[in-house]
Structures are given as C-alpha cells and as structure tokens.
Amino acid sequence: MVKAYNFLASWQLFPEKCTFEFGQAPKSGICKIETDAAQQHLTITTNWVTLENSAFFSEYRIVPNGQWQPFDNQDLADQAKADFENASCLSILFQKNEIEVLAIKNEILPNGYL
Numbered sequence: 082m083v084k085a086y087n088f089l090a091s092w093q094l095f096p097e098k099c100t101f102e103f104g105q106a107p108k109s110g111i112c113k114i115e116t117d118a119a120q121q122h123l124t125i126t127t128n129w130v131t132l133e134n135s136a137f138f139s140e141y142r143i144v145p146n147g148q149w150q151p152f153d154n155q156d157l158a159d160q161a162k163a164d165f166e167n168a169s170c171l172s173i174l175f176q177k178n179e180i181e182v183l184a185i186k187n188e189i190l191p192n193g194y195l
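Each residue of the sequence shown is one higher than the one before, starting from 82 at the first, in our numbering.
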C-alpha cells in the first residue's frame, strides 16, 4: 500500500480551506489516517466540532482497491469504495440502496495541507 504513505498522518481541518457542497463546514476537526499491520486496510478516524459546538466522532476501515465493499455502519451506507486517484488524491464513495450518499475527496496540496 505504497500509495497510502503520503496520507498516513493526523490532519487538522482548516474549514476555510475546504469545499463543502452540502451543509456547513465544521468549526474544527482532526482526521487521522492509519493502516493496519498487514497494510491491507485504511482506518480513518474523524473528530469534529460543529458551529453549534456539538462534538462528533466517526471511524471506519476500508480497503483502498477501487472495489465496492460492505460498509459496517449500515445507517450511513450499505457499501463503500476507496481508491487512490494518484499519489496526492484519495477518493471515498458511499452508497445506500445503490444511491451515492457521500463522496469524500482527500487531496494533498503542494503546501502539504490535506
């Protein structure tokens, strides 16, 4: 999983640098991307605080192979897929009842921000 190397870190959210198509950007947040010992799965952990000061946490594991796979949190999605578009872009898609419900594009910018 050489392509994951650039992403394996804790990333601080700078809301003013993000693009949100729906809803408001959080007030603050941290995203941590790790790999397991076998380097098969990515574990993505996110903590964020809304503009109303409500705190949230999410964590999921996914194999970044471009294939649809069952997703553990069935309330959010039935299946998900992740793939590295290139060395600086990781895309994750979530589907529920074969309808895309969430698309996340993590891109490492030339200045080192995610």
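The C-beta atom is built at its ideal place from N, Cα and C for all residues, glycine as well.
- Ranked by how close their Cα comes to the Cα of Ala119, the residues Val83, Asn154, Ser109, Pro107 have Val83 in first place.
- Annotated as proximal: Pro145 and Leu123, with beta-carbon spacing under 8 angstroms.
- Selection Phe152, Ser109, Asp156 evaluated against Glu133 yields Ser109 as nearest (Cα-Cα).
- Listed in chain order, the non-local C-beta contacts of Arg142 below 6 angstroms within the same chain comprise His122, Thr124, local neighbours out to five positions each way being set aside.
- With fewer than 16 other Cβ atoms inside 10 Å of its own Cβ, Cys99 counts as exposed.
- Closest by C-alpha distance to Gly147, out of Ala163, Glu140, Gln105, is Ala163.
- The Cβ neighbour count for Ala184, taken over all protein chains shown within 10 Å, is under 16; the residue is labelled exposed.
- One thing to note: Gln93 has its Cβ no nearer than 8 angstroms to the Cβ of Ile114.
- Scanning the region 83 to 128 for uninterrupted beta strand (DSSP E) segments of 3 residues or longer gives 90 to 93, 109 to 116, listed from N- to C-terminal end.
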